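To convert, count from 1 in the sequence shown and add 2; that's our numbering.
Heads up: the structure comes next, in structure tokens.
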Amino acid sequence: LTPIFDKFHRAKAGVPVGGGLLIILVVCLLFGIAIPILSILGRDITSVYANQRAEMYILFFTLLSFGALGLYDDIKKFFHFKSVGIFGLTLRFKLLLQILLATFISALLYFFLGISFVHVPFIGIIPLGPFFIPFATFTIVSFSNAVNITDGLDGLASGILMISLFGLWFLSASILDVPLTIFLAVWLGSLISFLYFNVFPARIFMGDVGSLAFGATLAVVGLLLGKVVALVVIGFIFVLEISSSLIQLMSKKWRKKKILPAAPIHLTLQAYGWEEPKIVQRAWLLQIMLTIFGLWLAVL
Numbered sequence: 003l004t005p006i007f008d009k010f011h012r013a014k015a016g017v018p019v020g021g022g023l024l025i026i027l028v029v030c031l032l033f034g035i036a037i038p039i040l041s042i043l044g045r046d047i048t049s050v051y052a053n054q055r056a057e058m059y060i061l062f063f064t065l066l067s068f069g070a071l072g073l074y075d076d077i078k079k080f081f082h083f084k085s086v087g088i089f090g091l092t093l094r095f096k097l098l099l100q101i102l103l104a105t106f107i108s109a110l111l112y113f114f115l116g117i118s119f120v121h122v123p124f125i126g127i128i129p130l131g132p133f134f135i136p137f138a139t140f141t142i143v144s145f146s147n148a149v150n151i152t153d154g155l156d157g158l159a160s161g162i163l164m165i166s167l168f169g170l171w172f173l174s175a176s177i178l179d180v181p182l183t184i185f186l187a188v189w190l191g192s193l194i195s196f197l198y199f200n201v202f203p204a205r206i207f208m209g210d211v212g213s214l215a216f217g218a219t220l221a222v223v224g225l226l227l228g229k230v231v232a233l234v235v236i237g238f239i240f241v242l243e244i245s246s247s248l249i250q251l252m253s254k255k256w257r258k259k260k261i262l263p264a265a266p267i268h269l270t271l272q273a274y275g276w277e278e279p280k281i282v283q284r285a286w287l288l289q290i291m292l293t294i295f296g297l298w299l300a301v302l
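Listed below in structure tokens is the structure:
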């Protein structure tokens, strides 16, 4: 398998990284001026939350804080700090930072917006009380790393994310949450522009600054909507990618052998001879079906 992946990585050499940073800056700028403009025009800014300002600040903070973590990784790789031992952070310490950030964000959702529930299809609203904070923390950290792991092929993570956001935008618009709907619309527009340059053969990559930030923010959007179960369905490809990597790691550690030829799952498909565009296109088609199914579950 090594020659296959060596050829793959050589083809990606020299492509600029950090497109996610541009998206974050555009989203923050446009979202930051959109709400004041609507207020000046006298438009009604409705939301399911009384504290609209807190809702906006939480979205901003999630995007920027996890983006900063990813930017650190991108800078470290670009300047080869890892190879010379400068500013090194262990994987465990980076995970700890993610958990601390996610816990803080979860506490903001719980104390400032009063979110302490999850909607389960066919059952209804289930109150979690204070247990919402660890539940939300796990969701945020998991999706942040899941999108990061998925971002390995041209247009894979960005295309899947774009389709997922369309579904969440529809849910947000249906409950008349104006700040969240505008945020998702701006994010979608920026992502579509980025995807034009990210499809095969990619001319720019998202980088960790984008994938970590977008995964965490995707989870926060699901928590704001109270539709975490629907989010798991809509984001199932992300879940599958990180699950395959975790299973592979545990198997190598405890069984001393691999379960899959390579992990995450998109590398397994490459190992079986699938071309990169074929994998990405099939993933997009599957994502469309998952999004439709997730929307159906969200209204049950």
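Each residue gets a CB set at the ideal place from its N, CA and C atoms; glycine is no exception.
Remember, it's a predicted structure, so these values are computed and weren't measured experimentally.
Comparing alpha carbon positions, the residue from THR270, LYS14 and SER160 closest to TYR198 is SER160.
Burial of SER174 is indicated by the presence of at least 16 other C-beta atoms within 10 angstroms of its C-beta. In the three-state reduction of the DSSP assignment, VAL282 falls in the helix class, which pools H, G and I. In the structure shown, ILE128 adopts extended strand secondary structure according to DSSP, grouped into three states. With contact defined as three or more Cβ pairs closer than 8 angstroms, the region 130-146 and the region 12-32 are not in contact. Below 8 angstroms, too few C-beta pairs join the region 193-209 and the region 105-124 to call them touching: fewer than three. Secondary structure note for VAL120: its beta strand (DSSP E) is the uninterrupted segment 119-122. Residues of the same chain with a CB within less than 6 angstroms of the CB of THR219, apart from the 5 flanking positions on each side, are THR64 and LEU65 in chain order. Listed as beta-bridge partners of VAL19 by DSSP are PHE207. Secondary structure at ASN53: coil, using DSSP grouped into helix, strand and coil. PRO263 and VAL28 have their alpha carbons spaced roughly 39 angstroms apart.
Contact annotation: LEU182 and VAL223 have beta-carbon atoms nearer than 8 angstroms. Closest by C-alpha distance to ASN200, out of LEU158, LEU178, LEU40 and PHE137, is LEU158. A distance below 8 angstroms between beta-carbons, with the five flanking residues on each side excluded, links THR270 to the following residues of its chain, in chain order: SER246, LEU262, PRO263 and ALA264.
Per DSSP, reduced to three states, the secondary structure at TRP189 is helical.
The alpha-carbon of LEU227 is positioned some 42 angstroms away from that of LYS258.
Taking 8 angstroms as the cut-off, the beta carbon of LEU167 is found no closer than this to the beta carbon of VAL149. The three-state secondary structure of ASP156, taken from DSSP, is coil.
Per the Cβ contact rule, the region 125-141 is in contact with the region 99-114 (3 or more Cβ pairs under 8 angstroms). Shown here, VAL201 sits in coil according to DSSP, grouped into three states, outside any helix or strand. Nearest neighbour of PHE62 by Cα position, chosen from ILE35, ILE236 and PHE124, turns out to be ILE35.
For LEU130, same chain residues with a beta-carbon under 7 angstroms away, outside a window of 5 residues either side, are SER118, PHE119, VAL120 and PHE137 in chain order. Burial state of ASP75 is buried, judged by a 10 Å Cβ sphere holding 16 or more other Cβ atoms. Of the residues assessed, ALA300 falls on the buried side of the cut-off, its CB having 16 or more other CB atoms within 10 angstroms.
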